[in-house]
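Visitor: Numbering (my numbering), first residue to last: 3 to 322.
Beta carbons are placed, not taken as given, at the ideal position from N, Cα and C, and that holds for glycine.
This is the structure I have questions about; it appears just below.
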């Protein structure tokens, strides 16, 4: 846990030093806020979504954020294309499975993307994000009756409790292992897990559920932090600058595990959850209403530093 301080500092400072390009296919309802959060974190957004250009755009980006909310035929095609290109080039990707439980079309889109990634490069850096109902819907997608929701919000019965914590986390870790991905499960307590490590982040506030787009903002923030070279290559290098050609022709280190996740991807997802929660808490101080809160939230994102994360983070490692 102590090592988080140096990793978080490295990621946040490198983002501001390098201003990486982040390709986002965002929910149009929150696209403006998502672009501004990327800028506030120190990166550069590009919100291209036309199927005719997204392969080229993704190839030139440092990370990819995909959101399947408010889906259209064109956006479906673009999401598939982007996932393929990210897998080919080992570009870190975040897939936000918005409403996967409310329609079979969304569920099949996610399954198609995951299958194509598995065919191209199953170790390609990937964060799968969703609330606990969405995570359970993916986990039960192969069953006769997968978890169904009547919208994009989490069901009350799926909340994390002391009684179901162990069972829920085992389900999340099993999903991480099955898809060789990091899982970012959001809720009152966020669960960030790969197949070996699980962290519970308790930052956040109820006000964040009273405005649209906070989950979408977390998605692009995770992509921003996943963009750093250690997340893409499996190794942190504190001196060598990012080289897109090296990323495109990446070779697994000789001593790497065949099924190992890229080092730093779990920490990037955890950092995004902490930053989002901390900024929400600070923005909600001296509450005046949702309009003021939304503006203050963006102010907090733009002013967030690793020192604030270190001071206010509420995170614990889960052990069986």
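Whose C-alpha, out of 96, 16 and 63, is nearest the C-alpha of residue 184?
Guide: What you label residue 184 is simply residue 182 of the chain shown in a count that begins at 1. Comparing Cα positions, the closest option is 96.
Visitor: When burial is assigned at 16 or more other CB atoms within 10 Å of the CB, is residue 109 buried or exposed?
Guide: Here residue 109 refers to the residue found at position 107 when the chain shown is read from its first residue. Classification for residue 109: buried.
Visitor: Taking DSSP's pairing of strands, which residues face residue 46 in a bridge?
Guide: As a position in the chain shown, residue 46 is number 44, starting the count at 1. BP columns for residue 46 point to 23.
Visitor: Give me whichever residues DSSP pairs with residue 199 in a beta bridge.
Guide: In the chain shown, the residue the question calls residue 199 occupies position 197. Residue 199 pairs with nothing; no bridge assigned.
Visitor: Pull up the distance between the alpha-carbon of residue 291 and that of residue 215, whole angstroms please.
Guide: As a first step, residue 291 is located in the chain shown; it is residue number 289 there, counting from the start. As a first step, residue 215 is located in the chain shown; it is residue number 213 there, counting from the start. Cα to Cα, residue 291 sits roughly 16 Å from residue 215.
Visitor: Would you list, in sequence order, the uninterrupted beta strand (DSSP E) runs of no fewer than 3 residues that lie entirely inside the region 73–126?
Guide: 95–98
Visitor: Say whether chain C places a C-beta atom closer than 8 Å to the C-beta of residue 66.
Guide: Absent from the structure is chain C; it holds one protein chain and no more.
Visitor: Can you tell me which of the three DSSP states residue 312 falls into?
Guide: Residue 312 sits at position 310 when you count from the first residue of the chain shown. Correct three-state label for residue 312: helix.
Visitor: Apart from the five residues just before and just after residue 209, which ones in its own chain have a Cβ nearer than 8 Å to its Cβ?
Guide: Here residue 209 refers to the residue found at position 207 of the chain shown. Hits under 8 Å: 282, 285, 286, 289, 292 and 295.
Visitor: Would you mind sorting residue 103 into buried or exposed? The rule is 16 or more other CB atoms within 10 Å of its CB.
Guide: Looking up residue 103 in the chain shown gives position 101. Answer is buried; the Cβ neighbour count reaches 16.
Visitor: Whose C-beta lies closer than 6 Å to the C-beta of residue 279 among residues of the same chain, with five residues either side of it excluded?
Guide: As a working note, residue 279 is residue 277 in the chain shown. The answer, listed in chain order, is 205 and 206.
Visitor: If residue 47 sits next to residue 229, beta carbons under 8 Å apart, how far is it from one beta carbon to the other, in whole angstroms?
Guide: Position 45 of the chain shown, counted from the first residue, corresponds to residue 47. Position 227 of the chain shown, counted from the first residue, corresponds to residue 229. Going by Cβ atoms, the distance from residue 47 to residue 229 rounds to 12 Å, so no, they are not a contact pair.
Visitor: Is it true that the region 125–140 meets the region 84–96, where meeting means three or more beta-carbon pairs spaced less than 8 Å apart?
Guide: yes
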